[in-house]
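The block underneath contains the structure these notes are about, expressed in structure tokens.
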Amino acid sequence: MLENDIFEQWLHDEAKRVLAKLKDNQLLTQDDKLIIVLKGQINHFHHLDVEL
């Protein structure tokens with residue numbers, strides 16, 4: 213579980229960074245877009261865990 217916690221914290225920090233870029237109307241890199249996709253997937257998985 214520790215690895216999951218480390219990954220999720222990293223992803224959370226990266227998602228905050230990308231959202232700040234969006235708010236500043238900066239262009240997103242391919243990596244930035246992948247961060248948003250990963251964050252969406254993690255959120256989706258958490259909702260599935262709660263529903264099941």
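The working numbering puts the sequence shown at residues 213 to 264.
For every residue, glycine included, the Cβ atom is placed at its ideal position computed from N, Cα and C.
None of these values were measured; they are calculated from a predicted model.
Closest Cα partner of N255 within the set Q242, E220 and D243: The residue with the shortest Cα to Cα distance from N255 is E220.
query: With DSSP run on the structure shown, which of helix, strand or coil describes L240?
result: Three-state DSSP puts L240 in coil, outside helix and strand.
- request: Determine the direct distance from the alpha carbon of I247 to that of L223, and round the result to whole angstroms.
  value: Cα to Cα, L223 sits roughly 7 Å from I247.
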